[in-house]
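J.: Residue numbers (the working numbering), protein chains in the order written: chain A, 1 to 421; chain B, 1001 to 1421; chain C, 2001 to 2421; chain D, 3001 to 3421. Okay, handing you the structure first.
Protein chains: 4
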Amino acid sequence: MNRKVSPVESANSHHIEEIEVRGHIIDSLILPKILDLITAGGGSFRIKNISIGQARKDPSYALVEVEAPSEELLHDILAQVNDHGAVITQSRDCALVAADMDGAFPEGFYSTTNQRTEIRAGGHWHPVEDQEMDCGILVAGDGLARCVAMTDVRRGDPIVVGHVGVRVLPEERAQERPMFEFMASSVSTEKPKGIVIREIARELLRARRGSGRTLLVGGPAIIHTGSGEHLCQLIRAGYINRLFAGNALATHDIEQALFGTSLGVRLDQGVSIEAGHEHHLRAINRIRRAGGIKRAVETGLLTSGVMYECVRHNVDFLLAGSIRDDGPLPEVITDTLDAQRQMRAAIRDVTFCLMIATTLHSVAVGNLLPAWVKVVCVDINPSTVIKLNDRGSFQTVGLVTDVEPFLRSLVGELKQLETQA
Amino acid sequence: MNRKVSPVESANSHHIEEIEVRGHIIDSLILPKILDLITAGGGSFRIKNISIGQARKDPSYALVEVEAPSEELLHDILAQVNDHGAVITQSRDCALVAADMDGAFPEGFYSTTNQRTEIRAGGHWHPVEDQEMDCGILVAGDGLARCVAMTDVRRGDPIVVGHVGVRVLPEERAQERPMFEFMASSVSTEKPKGIVIREIARELLRARRGSGRTLLVGGPAIIHTGSGEHLCQLIRAGYINRLFAGNALATHDIEQALFGTSLGVRLDQGVSIEAGHEHHLRAINRIRRAGGIKRAVETGLLTSGVMYECVRHNVDFLLAGSIRDDGPLPEVITDTLDAQRQMRAAIRDVTFCLMIATTLHSVAVGNLLPAWVKVVCVDINPSTVIKLNDRGSFQTVGLVTDVEPFLRSLVGELKQLETQA
Amino acid sequence: MNRKVSPVESANSHHIEEIEVRGHIIDSLILPKILDLITAGGGSFRIKNISIGQARKDPSYALVEVEAPSEELLHDILAQVNDHGAVITQSRDCALVAADMDGAFPEGFYSTTNQRTEIRAGGHWHPVEDQEMDCGILVAGDGLARCVAMTDVRRGDPIVVGHVGVRVLPEERAQERPMFEFMASSVSTEKPKGIVIREIARELLRARRGSGRTLLVGGPAIIHTGSGEHLCQLIRAGYINRLFAGNALATHDIEQALFGTSLGVRLDQGVSIEAGHEHHLRAINRIRRAGGIKRAVETGLLTSGVMYECVRHNVDFLLAGSIRDDGPLPEVITDTLDAQRQMRAAIRDVTFCLMIATTLHSVAVGNLLPAWVKVVCVDINPSTVIKLNDRGSFQTVGLVTDVEPFLRSLVGELKQLETQA
Amino acid sequence: MNRKVSPVESANSHHIEEIEVRGHIIDSLILPKILDLITAGGGSFRIKNISIGQARKDPSYALVEVEAPSEELLHDILAQVNDHGAVITQSRDCALVAADMDGAFPEGFYSTTNQRTEIRAGGHWHPVEDQEMDCGILVAGDGLARCVAMTDVRRGDPIVVGHVGVRVLPEERAQERPMFEFMASSVSTEKPKGIVIREIARELLRARRGSGRTLLVGGPAIIHTGSGEHLCQLIRAGYINRLFAGNALATHDIEQALFGTSLGVRLDQGVSIEAGHEHHLRAINRIRRAGGIKRAVETGLLTSGVMYECVRHNVDFLLAGSIRDDGPLPEVITDTLDAQRQMRAAIRDVTFCLMIATTLHSVAVGNLLPAWVKVVCVDINPSTVIKLNDRGSFQTVGLVTDVEPFLRSLVGELKQLETQA
């Protein structure tokens, strides 16, 4: 394997580097994780200095010497421990290389995490803006740094390479073990969910009262399961600021509004109507004939449902296309890079994100959000929730449960909280 | 394979038999199914006479000649079509053979389905009592017939052999396509469940008002998910007449009552307490020291929870043992044949059965119930629901959903129905 | 609901229509299904004439009068029974309406199934080309008819409206119950899969020997599970003619080729390397720098793996974009409508389709394929397989199994078959 | 909640206790875990002394003072940290209380883990025999200590109470990160399983060559999936020393041997035969008539299959009963406590355990095995594997895969290893 890896430049020629870690590194498992990564990566370590806080609130500090048999392995190890908050002790500015072409980074580029990151330039540490995982860091002349996606690199952009002069500040586990942390611990179908739903309700209320912004990412099961009206209530009550979905959610919602069916089932009586599949297509066709969802609301063609409420209550909705779409509806963004760019812009101020019954959109949005945005991912299929949990933030809660009763309970909890307030 | 099958005696020597089918055999798919079984089983058919009802409410009739290349294959085909309501036209009494040993049927015994069945004796058709699948039929001298389990056969019992003189009366799909039939059509996580839950509430209310008896078969997830109190409310309101469960449900419920935890989670706050596993064992130990659940309620040791409510409200509970039990609690029936016998006796008058979050107990009870008892099986894991659905009755509804919100919604629906009434 | 449905024009004003059905309508369940749809749709029927084949091989015929309380309901019922092969007996040509705008059908358009379909024009029945579900039918002046997607409609195109003059010829169940039909009967994790895999191997061999074309639709799990080499063997042996996938499969494959890892796991030793996620991004970056996958093969940068074998063995690959893509690789088609159009063109001659471990791409391709193309969908997650099975063709087999041993066994079976031949 | 907890006696009256931990406590995550448990349990800690090994191979040591607001909470915390290897520094013998009744422990009994445990008696540490979780410890006069199940306690037995004088020696993660540890890290359907299967083959070979004993715990899916012959090969080749199963596996296996079907499917051709369900019952009936499985082999009635091979090759088989059994077969142990006792006796010398496609039996056996027995749990349903993984040992590997190809590959790997040797 190693023969295939192109050598990565580094100023260090002894295959040894000194790193330091600070914070609640013992009980947050940061130090054990770092020592583990060094050994697993083929290196060895020597703890040169360690001071452990006597009580839980006291921070700790460790100075560790890392040695590896080759420069490449050392580089790989540093890349990994850097992502967990270890900082190379040598005080040097980050290295910048100008992009030599559009749409690609220079070799050896620093690849970002979703954690708060700082770069050192001109002898000072600067925060990185627009934090997002799997990007590069573009640094303007004045030390202004921001994440940039590969596809958005322009020739000449100064891009950070290597790990020197970059530090990651991982989210620490909260001292008080609040609900989010407890819940985030694992994926299980058997946890008491009433508590979790109450906590989500509190988050929604907090966001609405304060300056928070809530994003709902939803799949079509919200409609088939008969939960559309619950979501409408959340929208009307001002709990949802943005809606990201695909063609399917919007189409089933509109089919339900126009024909009373969703995927061939009349939701009021539970009676299956086979012509429903036709309804699906006819619904799209009518909206296309009307010139789009907003126009259909304006002209009085569309008078109920989730999309109707979004238009009426100024909830920004973003419909991202996929290759399995019928139609699609005119508002669907069919270019996936376009959709990513528009989602990126629309999440900048999001503080809370509820992902419901969609793997594709949840993973896509999870890739874009920084680690400190609280995310709740709800799906009856554990595999979706497991995928999201790989995001590995204490701020991500996976909930294996059923959409309809979840949303119904959430609406109920909010009503109770509102009357208490 | 055929060489291994011991020949089964039969009076017919032409490898041909005539069968007849009556009822809504076209739109209930009975005739197509029967013709399919004949061909699939290696035989061929000739429709000698058919009269099809012109409208849906009119019954139909078909007389079909079945031919097979061997006596054995003919026997196998007749066994199958018989289970779907086809009756051999020759008017003969059923054949009886005395059991030659305890605990086993004679070779060639008639193996029962869970459908209404009649046997012909003394020239008349008699209903079979205690209908249960996978049993034999024991016929007393006066034509009194009942299902008997293999293990309960006693030497000398007259047991039906072959298919002559036996007819099955399959449940027909209801004309009005009521909720149960609609819902039973398939297993899906995406159906509108609000409707289904409302219908279950109506069944519970109907049973409580009339002479129905409701059986709840439950697994421990009812307790871990924090749904115990919902079940307590159902018990207090008189909706549950019997409870079948295992050691785990009772233990977690009692742990919750004694220590406020279930499996290491304090259900009121959702905080994980690792000593919880110890609590589990200590709860069992205390009940054993107290002399059982009922004694623990009487002495004031146990003052809340599902088991407490069962004792207080005279709900018969039956705890069946399994090899993964800790303890177990004194009331647990550790012999599985004993447990089967006691369950069999306790379901005779059951008209509605709610199975929640347990595969083992649900399948066990599903095996004992006749096809006309309405069954709702609720589990978040589709595989459990699929297994139950193989029971293949229009009276069985599988619901892939989450226990806690399901039970919460059910309690809510019942309260609404009660106020309406 | 009905108030919302716009009336659909129809020449019939008596709310009665006569339909006829031919073929193996009893044992193929076609007639029962049709009678069921009429009643479920709110109509009633009278069987005016029926002749049932005496033996299984004899075709049957039924003439049925359908009556409905309103013109709309009658239309809905006819739409449904038409999809199952019932044909309106009145001999009239199909009705055509010119599209009044680009990208939308006229109201009342005929919505296609994936079954063979014919339209009547100039007094003769003409086959519909490019059969695909959820399209409209465009009829050229000379009776040349083809399916057209909504988005591809151009103003002035003559589009079929209503059901008169359209007939569907459903695939009949094979007489001999071959493997495909047996396997397609249901989704189960517990069937004997050795037999199924052998049958798939036979299909691949038949296609390679004859004029068949095999399409593989694959997800990235093919690479993570260490199955890439099995797929490479299928490609090198000439069993795969087209590959449809997304950015993820190609990227993980190339990461594996360049770095020996896939998603942070070295596949040869099973050792987890956390820098792997970086490798993922670096792999994409290199291919972008190289100008694409084909260029990377030509320049010697990419020397192994699935994509390499595709380039070397002239397997057309089509990479369709999604909103969760990193990068993406230069060959990825980022516009979803473009991707659909290119997939549509590339499946015209496909006779066998193997879908492995991808829900998104499988459903997308399933929507495009006509019902008579044999499809095998393999996934360890039953929910994917269930979604595909909704396609409802006897030609679709769902297999809940694990990718790596499936592909390994398939390669093994093919080697055995080759030596036997 | 606290009011309900009966106070547990303790010699300590300051709500403070000093504990010490030794070993690879940092990189094995033991110390962080312990500090976490103290805080989570409502206590606080002060690290009085810590010495951290400079390199990975050097052991570490920590002396920690634990304080809690009440005696009860302190007790709970000590119970938890004790399970993770922390030892109360005060050098006192363990406390013993004589059981005051049969079948129950005295209040305050020490509840065991599945880790190696020692008790202090007469000033010396003694190993605990028959280590098993959720038991008590019975100490004979001479310091001989062993685990005892609640149901097996006899009045007068001296039972350990409290945590003083008890120490747990948790399995440490291996230094070399061998396969078992790597694989045990998490449950995933997407790992490269070829490597895992190879490693399992090596374990089987090592056990056969040395003094190891291999236990297979299996469910009926082994037979339905057509994997019976693979298991037969393992038995014939001497890789399996014990077989634990239920009535279902044995019955389906015998049905297959007698009739060529399993659950209505002829496994050689994959053709469904509905009479199969009858075959199931007839198979049990014949074995009951024959006097049992062994007798059926001796008399020549049973001439193939898994049970046949067990009898022929002196593999001890143990069939444990459950309430969903038909029949059951004569060898089935219908009393669950009996079955537990016999399983307990039969696992004493087991060194490797393969659990395949059974949740009930896997969990039951998992409860009995000590932590150092290597366990591989194979199931296509992730929920089974997740349940087993809660056992929380580095020695337990969960594999989400399909039974048939798993066993086929395992047999193949063993053949390769044998020829290499």
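Note that the Cβ used here is the ideal one computed from N, Cα and C, for glycine as well.
Would you tell me roughly how many angstroms separate the C-alpha atoms of L2216 of chain C and I235 of chain A, rounded to the nearest one?
T.: 43 angstroms
J.: Can you find a CB in chain B that lies within less than 8 angstroms of the CB of V400 of chain A?
T.: yes
J.: Between E1203 of chain B and the rest of its own chain, which residues show a CB-CB distance below 6 angstroms, the 5 nearest in sequence each way excluded?
T.: F1352
J.: According to DSSP, simplified to helix, strand and coil, what is N3049 of chain D?
T.: In the structure shown, N3049 of chain D sits in a strand (DSSP, three-state: E or B).
J.: Tell me the DSSP secondary structure of Y61 of chain A in three-state form.
T.: If DSSP states are grouped into helix, strand and coil, Y61 of chain A belongs with the strands.
J.: Given that a residue counts as buried once 16 or more other Cβ atoms are within 10 Å of its Cβ, and exposed if not, what is G1300 of chain B?
T.: exposed
J.: Please determine, among A:E65, A:V365, A:V332, the residue with the shortest C-alpha to C-alpha distance to A345 of chain A.
T.: A:V365
J.: Please specify which runs of the alpha helix (DSSP H), each continuous and at least 4 residues long, are wholly inside the region 16-40 of chain A, giving them in chain order.
T.: 30-40
J.: Below 7 angstroms between beta carbons is the criterion; list the residues of the region 3318-3334 of chain D that meet it against any residue of chain B, in chain order.
T.: A3320, G3321, S3322, I3323, R3324, D3325, D3326, G3327, T3334
J.: Which residue or residues does DSSP assign as beta-bridge partners of R353 of chain A?
T.: The question names Arg, but residue 353 of chain A in the sequence shown is Cys. Answer by DSSP bridge pairing, in chain order: A:L215, A:V375.
J.: Taking the C-alpha atoms as reference points, what is the distance between I2088 of chain C and V2373 of chain C?
T.: 27 angstroms
J.: To which residues of the same chain is S1188 of chain B closer than 6 angstroms at the C-beta, ignoring the five residues directly before and after it?
T.: Any reading at S1188 of chain B must be qualified, since the residue scores a pLDDT of 48, below 50, and its modelled position is unreliable; the value itself is stated next. Result list for S1188 of chain B: empty, nothing under 6 angstroms.
J.: Where Q3432 of chain D and R1324 of chain B are concerned, what is the direct C-alpha to C-alpha distance, given to the nearest angstrom?
T.: Residue 3432 of chain D lies beyond the residue range present for chain D, which begins at 3001 and ends at 3421; the question has no answer from this structure.
J.: Look at Q1080 of chain B and A1371 of chain B and say whether their C-beta atoms are less than 8 angstroms apart.
T.: no
J.: Return no unless some Cβ of chain D is closer than 8 angstroms to the Cβ of I1019 of chain B.
T.: no
J.: Sort out for me which residues DSSP pairs D3316 of chain D with in a bridge.
T.: D:R3242
J.: Count Cβ pairs between the region 3127-3138 of chain D and the region 3146-3155 of chain D that sit closer than 8 angstroms; are there 3 or more?
T.: Segments in contact, yes.
J.: In the DSSP assignment, what are the bridge partners of H2124 of chain C?
T.: C:A2121
J.: Please name the residue or residues paired with V3400 of chain D in a DSSP beta bridge.
T.: D:D3379
J.: Alpha carbon to alpha carbon, how far is L37 of chain A from A3174 of chain D? Give it in angstroms, no decimals.
T.: Low confidence applies to A3174 of chain D: its pLDDT is 49, below 50, so where it sits in the model is not reliable enough to give any reading.
J.: Tell me whether P3330 of chain D is buried or exposed, calling it buried when 16 or more other Cβ atoms sit within 10 Å of its Cβ.
T.: buried
J.: So with CB distances below 8 angstroms, who are the chain C contacts of E278 of chain A?
T.: Those within 8 angstroms of E278 of chain A in chain C are A2079, S2111.
J.: Pick helix, strand or coil for L2412 of chain C, following the three-state DSSP scheme.
T.: In the sequence on display, residue 2412 of chain C carries Gly and not Leu. DSSP, reduced to helix, strand and coil, places G2412 of chain C within a helical segment of the structure shown.
J.: Tell me which residues share the same chain as A3201 of chain D and place their Cβ nearer than 7 angstroms to its Cβ, disregarding the 5 neighbours each side in the sequence.
T.: L3410, E3413, L3414, L3417
J.: Work out the CA separation of C94 of chain A and V168 of chain A for me, nearest whole Å.
T.: 13 angstroms
J.: Give a yes or no on whether the C-beta atoms belonging to T1214 of chain B and L1078 of chain B are separated by under 8 angstroms.
T.: no
J.: Sort C:Y2110, C:G2219, C:F2105 by Cα distance to R2154 of chain C and report the nearest one.
T.: When each option's Cα is compared against that of R2154 of chain C, the closest is C:F2105.
J.: Alpha helix (DSSP H) containing C3232 of chain D: first to last residue?
T.: 3228-3236
J.: So what does DSSP say about G1194 of chain B, is it helix, strand or coil?
T.: helix
J.: From T117 of chain A to V350 of chain A, what distance separates their C-alpha atoms?
T.: In this structure, the CA atom of T117 of chain A is about 19 angstroms from the CA atom of V350 of chain A.
J.: Could you check if T251 of chain A is buried or exposed, using at least 16 other CB atoms within 10 Å of its CB as the buried criterion?
T.: Classification for T251 of chain A: buried.
J.: Please state if the CB of K2193 of chain C and the CB of L2399 of chain C are separated by a distance shorter than 8 angstroms.
T.: Yes, they are a contact pair.
J.: Where does S1322 of chain B fall in DSSP's three states?
T.: coil
J.: For the region 3289-3297 of chain D against the region 3218-3234 of chain D, do three or more pairs of beta-carbon atoms, one drawn from each stretch, fall closer than 8 angstroms, so that the two count as touching?
T.: no
J.: Could you check whether H3124 of chain D and L3407 of chain D sit closer than 8 angstroms to each other, using their CB atoms as the reference points?
T.: no
J.: Closest to V403 of chain A by CA distance: which of A:V332, A:H224, A:H24 is it?
T.: A:H224
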